Amino acid sequence: MSYPPEANRKAMPSLTRKQKIASVTVIGLLAAGLGAYWYIGSQSVPESRILRPDDAAVVARGQQVYLANCASCHGSKLEGQANWRERNAQGMLPAPPHDESGHTWHHPDEMLFAITKYGVAKVTGMTDYQSAMPLYEGKLSDADIIAVLSWIKSQWPAEIRTQHDAVNQRAREG
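In terms of full-length UniProt numbering, the sequence shown opens at residue 1 and continues consecutively.
So, in structure tokens, the structure goes:
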């Protein structure tokens, strides 16, 4: 059964400009995440890049490094910046939360490591992607990056940690 064009317009309200931009942003982020997931899935994860949230020494070091390098944007309680899903006036996404309300735990260890070290643009191949997050290659050691990510994971509730472990398992099975 077909409806007259005017009936379709009434039944389906048009999207606002903000909704369209948000939709395109979400689709772009999903595409970037999928591309990075495929990239990482094609590579073996070195044991040294697997997070260690149960290693007290690694977690303690990670908290120190996080507070010194990450908390100014991502928050001392991992809360991120306001409106982190919406681009700011400069066209960049604000720092996301790293607690269970954010998307960090949706990504495997290797992706988190690569994004932290090299940045989203390099990991996803999106050369025009702009981000306020600094690249940590040459600024933090690989061990410090793992420590930070391990500390972040150690702060998640058990259920979220279990879900993240499943994400890692799927990535390893490729």
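Even glycine gets a Cβ: it sits at the ideal position worked out from N, Cα and C. Here the structure is a predicted model, which means the values were calculated and not measured.
Whose C-alpha, out of R161, I160, Q90 and Y66, is nearest the C-alpha of L136? Residue 136 is actually Tyr in this sequence, not Leu. Considering only alpha carbons, the answer is Y66.
Looking only at DSSP bridge pairs, what is L140 linked to? E137
Reducing DSSP to helix, strand and coil, say where G119 ends up. coil
How would you label G62, buried or exposed, when you count the other beta carbons within 10 angstroms and need 16 or more for buried? buried
Through-space distance from N69 to V167, alpha-carbon basis: 26 Å
For the putative contact between V148 and S131, defined by C-beta atoms under 8 Å, what is the C-beta separation to the nearest angstrom? With a Cβ gap of about 17 Å, V148 and S131 do not count as contacting.
Could you check whether the Cβ of G91 sits closer than 9 Å to any Cβ belonging to chain C? Although the question refers to chain C, the structure presented lacks it and comprises just one protein chain.
Where the alpha helix (DSSP H) containing Q163 begins and where it ends: A158 to E173
For R61, three-class secondary structure by DSSP: helix
At least 3 beta-carbon pairs within less than 8 Å: the segment 79 to 87 vs the segment 137 to 147: no
Would I146 and R52 qualify as a contact pair, given that the criterion is a beta-carbon distance under 9 Å? yes
By how many angstroms is the C-alpha of R17 removed from the C-alpha of F113? 34 Å
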